[in-house]
Amino acid sequence: MESLLSLFFRGYLILGAAATLYVIVYFFLSGLTLFDQGKKRPMPLRYQCSYIFIMCLMMPVFYLIFIEEILSLPRHYQAQKQKTAKSYL
Numbered sequence: 001m002e003s004l005l006s007l008f009f010r011g012y013l014i015l016g017a018a019a020t021l022y023v024i025v026y027f028f029l030s031g032l033t034l035f036d037q038g039k040k041r042p043m044p045l046r047y048q049c050s051y052i053f054i055m056c057l058m059m060p061v062f063y064l065i066f067i068e069e070i071l072s073l074p075r076h077y078q079a080q081k082q083k084t085a086k087s088y089l
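Residue numbers for the sequence shown follow full-length UniProt numbering, so the first one is 1 and each next one is one higher.
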């Protein structure tokens, strides 16, 4: 029983690490944070570093709470790209 429980927690944390890497890569590529709802806002460097640091520490544990926001990142990114393309026209 103990090994089954530790296997479950290990799998949970591995999925959390994958979700964390996904969110951080999206942040580097698009500049969108998990909580921006698709609206890119200017952030000072200290806030960007804090965001990455907190994501690395807390996200592997709490990723299931934010799963809807994580899955909506590509949709927000595409909407932002379309909005930017329309503004150039």
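Ideal placement from N, C-alpha and C gives every residue a C-beta, glycine not left out.
All figures in this text were calculated on a predicted structure; none of them were measured in a lab.
Between Gln82 and Ser30, the C-beta gap is not smaller than 8 Å, which leaves the two residues out of contact. Here Thr84 carries a helix assignment [DSSP, helix/strand/coil].
Annotation: Ile65 to Leu45 spans about 27 Å, alpha carbon to alpha carbon. For the pair Leu13 and Pro60, the CB atoms are nearer than the 8 Å cut-off. The continuous stretches of alpha helix (DSSP H) do not include Leu32, and DSSP gives it neither H nor E. When the five nearest sequence neighbours on each side are left out, the beta carbons in the same chain lying within less than 8 Å of the beta carbon of Ile52 are those of Ile24, Phe27, in order along the chain. Non-local beta-carbon contacts of Gly16 in its own chain, meaning distances under 7 Å to residues more than five positions away in sequence, involve Met59, Pro60, Val61, Tyr63 in chain order.
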